[in-house]
Amino acid sequence: FVPPPIHAGGLQYHGMAPIITRLVEEGFVRPVAYDQVDVFRDAVLFARAEGIIPAPETAHAVHAALELARQATRQDEKRVILIGFSGHGHFDMSAYQGYLTGQLPSTAKVG
């Protein structure tokens with residue numbers, strides 16, 4: 114098994130913690146996969162709006178929150194959306210450079 118060459122920082126773990134499996138089985142959490150290009154697009158949007166560059170791991174939470182906010186807007190709903198902002202991306206600037214120069218590959222599944 115060779116994992117795909119994605120840039121997800123600490124998220125590049127291809128196993129599964131038993132507690133996560135249990136939380137999914139019990140319906141407490143729902144796993145979601147996002148294309149890393151979409152994640153970095155929203156991370157840049159967040160950085161420009163808030164003045165802090167999210168770490169790639171945090172960028173996934175930012176993207177998920179923005180997707181929920183967009184959905185709420187489309188449905189004309191008010192929601193409170195909370196994310197765990199786990200860290201800044203100052204040590205991951207090469208990932209942002211890859212995104213901004215169009216070198217970050219899409220991880221979207223086709224088919």
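Be aware that the sequence shown starts at 114, since it is given in our numbering, and climbs by one per residue. The C-beta atom is built at its ideal place from N, Cα and C for all residues, glycine as well. Keep in mind the model is a prediction, meaning the values are calculated, not measured.
- In this structure Val145 is exposed. Its beta-carbon is surrounded by fewer than 16 other beta-carbon atoms within 10 angstroms.
- In the DSSP annotation of this structure, the continuous segment of the alpha helix (DSSP H) that includes Pro131 starts and ends at Pro131 to Glu138.
- Cβ contact annotation for Leu181 (same chain, cutoff 6 Å, sequence separation greater than five): Ile194, in chain order.
- Considering only Gly200, Gln210, Gln188 and Glu190, the residue with the shortest C-alpha distance to His173 is Gly200.
- DSSP links Pro167 through a beta bridge to His201.
- DSSP places Leu213 in the helix class (H, G or I) of the three-state scheme.
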